[in-house]
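The sequence shown begins at 1 in full-length UniProt numbering and counts up one residue at a time.
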Amino acid sequence: MSNSSPPPVQNPLVRYLNSLRTQSDQSNPSYIEENRLPFLERLRADARWFPTPDELHVETRLDALVEAMAAGDPGVDIVILTGDAGDGKTAVCARLAARLQCSTDLQPPAQVGRWTVLKDASELREGELLEHVSRALAERGRGRGLLVAINEGRLRRLARSTARGADEHASARTEVQRLWASVIEPALQSDLDEAAAAALGENMKRERVVVVNFRHRMHVRGVTPGLLRTWTPPRFWEGSPACGVCPRRDGCTILANVADLRGADVQQRVADVLTAAYYAGQRLPFRRLQAVLALTVTGGLECGDVHVHAGDWGPLEWQTYRAHNMLFPEGSLRRPLRVRGEPVARVLAAADPGAISDDTLDGHIATLVASVESGAEIALDGVRLPAPELRAAVHVRELTRASAEGFASDPRGALADLTRSLRRFRALHGEPRPTGWRRSLDLLEDMAIRGNGEDLQRQVVGALNALQRLGATNEHTLSARQVDPMGFKHPTAIVRPRWSRAGARRSPSYNSSG
1 MSNSSPPPVQ NPLVRYLNSL RTQSDQSNPS YIEENRLPFL ERLRADARWF PTPDELHVET
61 RLDALVEAMA AGDPGVDIVI LTGDAGDGKT AVCARLAARL QCSTDLQPPA QVGRWTVLKD
121 ASELREGELL EHVSRALAER GRGRGLLVAI NEGRLRRLAR STARGADEHA SARTEVQRLW
181 ASVIEPALQS DLDEAAAAAL GENMKRERVV VVNFRHRMHV RGVTPGLLRT WTPPRFWEGS
241 PACGVCPRRD GCTILANVAD LRGADVQQRV ADVLTAAYYA GQRLPFRRLQ AVLALTVTGG
301 LECGDVHVHA GDWGPLEWQT YRAHNMLFPE GSLRRPLRVR GEPVARVLAA ADPGAISDDT
361 LDGHIATLVA SVESGAEIAL DGVRLPAPEL RAAVHVRELT RASAEGFASD PRGALADLTR
421 SLRRFRALHG EPRPTGWRRS LDLLEDMAIR GNGEDLQRQV VGALNALQRL GATNEHTLSA
481 RQVDPMGFKH PTAIVRPRWS RAGARRSPSY NSSG
C-alpha cells in the first residue's frame, strides 16, 4: 500500500469483538467489565452509529433478578452472587447500578439505591466483609440491602476462617456460620434431592437471603444465539457507514462470517457444539463464552488485515479464518497470520466434524471440486456454498488441473484442507448428523430434563466418558477428569426462593438458563 493510499476503512464493531477475546494482545480488553464502558464510549465518540451498551446487552434471566432488586422487593435483604471469575457477577452489579441510574464505578462498598454493593469481595479485608454481612443480617426488614459478588473459593475460605476465628468479630462469625450452614453451603452443592431443595428454599425465605450460584447456570444454549443475534444485524455491518463504503466488502472474510452466523439454525448448531464442551467438563463462564464466539465472528482478524493481505493471500488461506474453522482451531488448516485461540479449543476438538471421514459427503466434495466453475451457484448436500467456499473450490480445481498438466505440485494437501473445511461448513449449515458427541449431548440433556433416575444416570455417565474419548467407558463411575453430571441438572430442579409480594403471582427462579 502506497503512502498516498487512504487509510483502510475500520468497523469499530470488529475492534469491540476482538477486545472480548481473553487471548487477544489488545492492551485494554473489554471482556473485563470495568474496562467496557469507557472503551464503548471511545468507540461511539468516533462512530455515532456504533451500538449503545443497551443494544449490546444480551438479556438473560438474571435481568429478572436485577429488576426485582431495583423494584425494592420486600422479601429479600441479602443477595450473594458466587461462582468463578468471568461468570458475570460484576456485570449484574453494574446492571443494577445502571438500572437505578447510579454510577457504575462500584468501588466497594458502593451505595446503589437501598443496596450496599460489594462487587468484588476479594478486595475487602475479611473483618470488613464480616461486618458488612453481620450488619445486613441485623438490619433485615428495615429497607436496606446487601449485594455481595464473591468467587466461590473465597467464599469457602471465609467460611473456614469464621469456624476457627476468635476475635472482636466473634458475633459476626457466629452469624455467618449459621447462615453458611442453613443457606450458603447447601446452595453450593451440585446435587440436591427434592427434600434438600425444599429445605433450602424455605431457609432462604426465612433468612431473607438469596444465593445465586453461577456454576449452576445452564446459560450456554440460551445465551449463544442471543450474543450472535446481538452482534450480527446488517445495520452494524454491510448497512453501516464503515462496511457500506469499504472497497473490500465483497471479499471480506469477517463480513462472510457475520452473514453465516445470522441464521437461527447455524446459531443453534454453534450452541450444540459449545453445550457439548460444557457437559464434557469445560466450564464456560460468560466471559469465556463471549470470547470464543467473538473469535468465531472476526476470525481473529482486524479490518486492517483484510486490506493489507487482500492481494497476497489465496482463497484457501482466507478460508482458514472462516467461522466454521475458527470454532475448531485445534488441528486446523494452516494460517498465514497466527491467531491465539481460546482455551476451550482443546475440548471442542472432540466434536470437530472436520476430523470425521464420511464417504458420502467426501465424495460429494470431490465431485463438486471437479465440476465447479467461477460464479456458479453450487450446493453441498442441499446447502448453498457462500462465495468464499466457492472461490476455494475453484482454486483447488485449478491446482488439480494444473497438476495433471505437469505445471503444479501435488494438490492433495489443498484438497485435504478444503475437505476438512467443507465438512465443518456442512455440520453448521446442514441437518445434524447422529455423530457420537451429538448422541451423548442428547442423553445429557435428556437427563437434565427428566431427572436423575438410576438407569438414565448410568447412560449419562457412559456418554460423558465417551464424550471425553476415554479408552474404556465405565457406566457406573466418572473419571476424575470429569464434572459430576448432576451439576448440570435442569435449573428448575435447583430451588431458589420465589420472591413474591402479597397478593401477587410468584416470580420465576433466577438461577436458571441464561
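Glycine is no exception: its CB is placed at the ideal position from the N, C-alpha and C atoms.
A quick note: this is a predicted structure, and the numbers were derived from the prediction, not measured.
Q. How about A136 and L81: do their beta carbons lie closer than 7 Å?
A. no
Q. For Q23, which three-state DSSP category applies?
A. In this structure, Q23 counts as coil in the three-state DSSP scheme.
Q) For the stretch 226-244 against the stretch 256-268, are there 3 or more C-beta pairs whose distance is under 8 Å? A) yes
Q) With 16 other CB atoms within 10 Å as the buried threshold, where does T224 fall? A) Flag for T224 reads buried.
Q) Thinking C-alpha only, which one of V339, L100, G222 and V383 is nearest A71? A) Nearest of V339, L100, G222 and V383 to A71, Cα basis: L100.
Q: Please state if the CB of L17 and the CB of A294 are separated by a distance shorter than 7 Å.
A: yes
Q: Leaving aside the five residues before and after Q10 along the sequence, list all residues of the same chain whose C-beta is less than 6 Å from its C-beta, in chain order.
A: C303
Q. Tell me which same chain residues have a C-beta within less than 7 Å of the C-beta of P53, skipping the five on either side of it?
A. L37 and L40
Q: Compute the Euclidean distance between the alpha carbons of L227 and G251, then round it to the nearest angstrom.
A: 25 Å
Q | Alpha carbon of R384 to alpha carbon of L361, nearest angstrom | A | Cα-Cα distance, rounded: 14 Å.
Q | Residue range of the unbroken beta strand (DSSP E) whose run includes A116 | A | Here residue 116 turns out to be Thr, not Ala, going by the sequence shown. Its beta strand (DSSP E) spans residues W115 to L118.
Q. Taking the DSSP output, what are the residues bridged to T82?
A. Answer by DSSP bridge pairing, in chain order: I150 and N213.
**Q.** CB contact flag (V292, V344, <7 Å)
**A.** yes
Q. Sorted by chain position, which residues of the same chain lie with C-beta nearer than 7 Å to V220's C-beta, five sequence neighbours on each side aside?
A. A271, L274, T275, Y278, L284 and L289
Q) With 16 as the cutoff for other CB atoms within 10 Å, does V347 come out buried or exposed? A) Here V347 is buried: its Cβ has 16 or more other Cβ atoms, across all protein chains shown, within 10 Å.
Q | Nearest neighbour of A414, chosen from L316, V212, A349 and A427 [CA to CA] | A | L316
Q.
Give the list of continuous beta strand (DSSP E) stretches no shorter than 3 residues that lie fully inside the stretch 298-378.
A. none
Q) Does the beta-carbon distance from N213 to A187 come in below 7 Å? A) Closer than 7 Å, so yes.
Q. Beta-carbon separation of A427 and P329 under 7 Å?
A. no
Q. For Q111, which of helix, strand or coil comes out of DSSP?
A. strand
Q) Going by beta carbon distance, what residues of the same chain come within less than 7 Å of T104, once the five residues before and after it are set aside? A) L37, A94, A97 and A98
Q. When the Cα of V14 is compared with those of A379, C243, N325 and T367, which residue comes out closest?
A. C243
Q: Could you check what DSSP says for R144 in three-state terms: helix, strand or coil?
A: coil
Q. Are the beta-carbon atoms belonging to V183 and V209 less than 7 Å from one another?
A. yes
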